[in-house]
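Participant: Here you go, one structure.
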Amino acid sequence: MASVVIIHAAEDALPARALAEKLRGAKLTPVLEKYGADVRDAAKGAKVAIALWSPRSVGSATLIEDVAQVAKAKVIQASMQNASPPQQFSADKLFNLTGWRGEDDFRPWRELADEVTAKAGVSPLPPPAARGASTFFQPGRVNADGAPAAGAKPPPQARQTAQAPRAAQAPRAAPPPRPAPAPRAERSAPRDEPAEKKSSPIGLIAIVLIVLAALGGGGYWYMNQSQGSQAAAGAWDEVAKNDAGAIRAFIAGEPGEFRDEAEAALAELDQQTFDAAQEADSIEAFEAFLDEFPESENAIAARGRIAELRANPPVDPNALPVEGETAPVEALPADPDLVPPTAAPEPQGETGPATLTPPSEPAPATP
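Count along the sequence shown starting at 1, add 44, and that's the number in the working numbering.
Structure, rendered in structure tokens:
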């Protein structure tokens with residue numbers, strides 16, 4: 045299998061592992077978490093190298109030097125969290141993975157995968173699975189039973205077929221014109237002298253009614269707004285701030301002026317849940333976090349940690365040794381009764397050099 049080297053900062057190990065998991069789907073062997081001379085040696089034998097830039101790696105002079113040492117034809121520039129590559133790589137093509145949470149149909153990811161597979165000489169990734177058909181109204185869409193959707197216009201051929209019988213019918217004869225009536229003699233109408241104008245109270249009453257209606261409508265609107273605000277405040281007070289589902293239901297309803305506060309509370313609960321999963325550091329904790337917040341910005345880091353825990357499960361210190369293995373035996377103190385008498389005793393502390401006493405010579409015999 046062709047190998048691809050991911051050059052990244054040590055702080056970006058989790059996103060790099062998640063990217064490596066996606067590349068394994070293209071039958072590639074990712075190499076990551078190597079730095080300095082190790083990553084340079086690995087890049088020499090690989091067909092492709094991905095430089096993963098982040099706000100933490102763009103300021104690392106060592107990582108920039110590692111990328112510069114790799115052949116330019118092998119390197120593919122990628123970024124996350126809206127990071128811009130260093131100045132010497134700004135002219136290279138950049139694949140911006142900001143906002144990617146592992147979706148197969150994410151356009152920058154598909155472009156990056158096509159570039160990697162093309163350089164590595166392997167088959168491209170299969171196309172992403174098609175999403176389900178939308179349930180919204182689609183003009184011209186044909187239903188499963190073959191009938192057009194509601195409101196859809198029939199095709200032009202059908203309209204022409206429907207209009208053909210009408211054109212085949214012969215036009216009806218127009219009825220004969222009726223004779224014009226005889227003119228009548230005009231009578232001069234008597235002229236009435238203009239009556240004296242009088243102020244009518246009906247106009248004043250209409251104006252008063254209009255003013256009262258406007259005041260009543262304004263008061264009704266203000267009352268409804270006040271009641272709606274009070275209802276939203278009461279509903280927000282009853283929402284459990286540690287329940288993501290309850291907060292989402294409140295936002296989907298009519299949150300009113302409390303929408304921003306509810307969205308901020310949901311984001312804070314997202315971060316707290318992820319911190320708790322990191323503290324537990326178990327597959328179950330990270331999977332529970334993903335079930336609760338599948339669209340979180342921390343989702344890719346959680347998936348990377350799950351992959352790491354599955355690859356290297358923790359060792360239980362209280363587990364019994366496997367059959368066939370020998371447990372290490374601690375050294376036991378020597379039994380003084382089993383030490384030979386000729387063995388030299390161990391020195392007891394540092395007391396300085398030992399004093400050697402020569403053996404006494406026998407006294408000379410008396411003549």
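Beta carbons are placed, not taken as given, at the ideal position from N, Cα and C, and that holds for glycine.
I need the DSSP call for P198, collapsed to helix, strand or coil.
Facilitator: Numbered from 1 along the sequence shown, position 154 holds the residue referred to as residue 198. Residue placement at P198 cannot be trusted, given a pLDDT of 49 that sits under 50; the coordinates are not used to answer.
Participant: From D110 to L353, what distance separates their C-alpha atoms?
Facilitator: As a first step, residue 110 must be located in the sequence shown, where it is residue number 66. As a first step, residue 353 must be located in the sequence shown, where it is residue number 309. The alpha-carbon atoms of D110 and L353 are separated by roughly 28 Å.
Participant: I need the DSSP call for V283, collapsed to helix, strand or coil.
Facilitator: In the sequence shown, residue 283 corresponds to position 239, counting from 1. It is coil, neither helix nor strand.
Participant: Within 10 angstroms of the Cβ of W97, are there 16 or more other Cβ atoms? Answer buried if so, exposed if not.
Facilitator: Counted from its first residue, the sequence shown places residue 97 at position 53. W97 comes out buried.
Participant: Looking at C-alpha atoms only, which residue of K137, A127, S128 is the closest neighbour of A119?
Facilitator: Start at 1 with the first residue of the sequence shown, and residue 119 comes out as number 75. The sequence shown places Val at residue 119, not Ala. Of K137, A127, S128, the residue nearest in Cα terms is K137.
Participant: Using the three-state DSSP reduction, which class does A214 fall into: helix, strand or coil?
Facilitator: Within the sequence shown, residue 214 is the residue found at index 170, counting from 1. With a pLDDT of only 47 at A214, under the threshold of 50, the placement of this residue in the model should not be trusted, and no figure is reported.
Participant: Could you tell me which residues DSSP puts in a beta bridge with Q121?
Facilitator: Taking the first residue of the sequence shown as position 1, residue 121 is located at position 77. BP columns for Q121 point to A95, L138.
Participant: Are there 16 or more other CB atoms within 10 angstroms of the CB of P170, so buried, or fewer, so exposed?
Facilitator: Residue mapping note: residue 170 aligns to position 126 of the sequence shown, counting from 1. P170 should be labelled exposed.
Participant: Please state the DSSP three-state secondary structure of S340.
Facilitator: Your numbering for residue 340 matches position 296 in the sequence shown. Coil, per DSSP.
Participant: Near E336, what residues of its chain come up, given a Cβ to Cβ distance below 8 Å and the 5 sequence neighbours on each side ignored?
Facilitator: As a first step, residue 336 must be located in the sequence shown, where it is residue number 292. Same-chain partners within the cutoff: A288, T317.
Participant: Cutting at 6 Å between CB atoms, please list the residues of its own chain near V49, excluding the five before and the five after it.
Facilitator: Against the sequence shown, residue 49 aligns to sequence position 5. The answer, listed in chain order, is V75, A86, A87, A90, A93.
Participant: How is S273 classed by DSSP in three states: helix, strand or coil?
Facilitator: As a first step, residue 273 is located in the sequence shown; it is residue number 229 there, counting from the start. S273: helix per DSSP, three-state reduction.
Participant: Could you round the C-beta distance between L58 and R349 to whole angstroms and report it? I think they count as a contact, below 8 Å.
Facilitator: Along the sequence shown, one-based indexing puts residue 58 at 14. Along the sequence shown, one-based indexing puts residue 349 at 305. Right, the Cβ-Cβ distance comes to about 6 Å (below 8 Å), so this counts as a contact.
Participant: Closest by CA to A277, which one among A290, N286, E301?
Facilitator: Position 233 of the sequence shown holds residue 277. Among A290, N286, E301, the Cα nearest to that of A277 belongs to E301.
Participant: Please state whether the Cβ-Cβ distance between A343 and R68 is less than 7 Å.
Facilitator: Numbered from its first residue, the sequence shown carries residue 343 at position 299. Numbered from its first residue, the sequence shown carries residue 68 at position 24. No, they are not a contact pair.
Participant: Taking Cβ to Cβ, would you say P152 is nearer than 7 Å to L141?
Facilitator: Counted from its first residue, the sequence shown places residue 152 at position 108. Counted from its first residue, the sequence shown places residue 141 at position 97. Result yes, Cβ atoms of P152 and L141 sit closer than 7 Å.
Participant: Within 10 angstroms of its Cβ, does R292 collect 16 or more other Cβ (buried), or is it exposed?
Facilitator: Here the question's residue 292 lines up with position 248 in the sequence shown. Exposed, since its Cβ has fewer than 16 Cβ neighbours within 10 Å.
Participant: Pop quiz: A122 and L156 are said to be a contact at Cβ under 8 Å. What is the actual Cβ separation, rounded to whole angstroms?
Facilitator: Residue mapping note: residue 122 aligns to position 78 of the sequence shown, counting from 1. Residue mapping note: residue 156 aligns to position 112 of the sequence shown, counting from 1. With a Cβ gap of about 6 Å, A122 and L156 count as contacting.
Participant: Which residues in the same chain as F294 place their Cβ atom closer than 6 Å to its Cβ, once the five residues preceding and following it in sequence are excluded?
Facilitator: Counting from one through the sequence shown, the residue named residue 294 turns up at place 250. V283, A306.
Participant: Could you tell me which whole alpha helix (DSSP H) segments of length 4 or greater appear in the segment 47-102?
Facilitator: Counting only runs of 4 or more, we get 57-68, 81-89.
Participant: Is L63 buried or exposed, if buried means 16 or more other CB atoms sit within 10 Å of its CB?
Facilitator: Within the sequence shown, numbered from 1, the residue matching residue 63 stands at position 19. Answer is buried; the Cβ neighbour count reaches 16.
Participant: Check whether the Cβ atoms of A60 and V166 sit closer than 7 Å, and answer yes or no.
Facilitator: Residue numbering aside, residue 60 sits at position 16 when the sequence shown is read from its first letter. Residue numbering aside, residue 166 sits at position 122 when the sequence shown is read from its first letter. Cβ atoms of A60 and V166: not closer than 7 Å.
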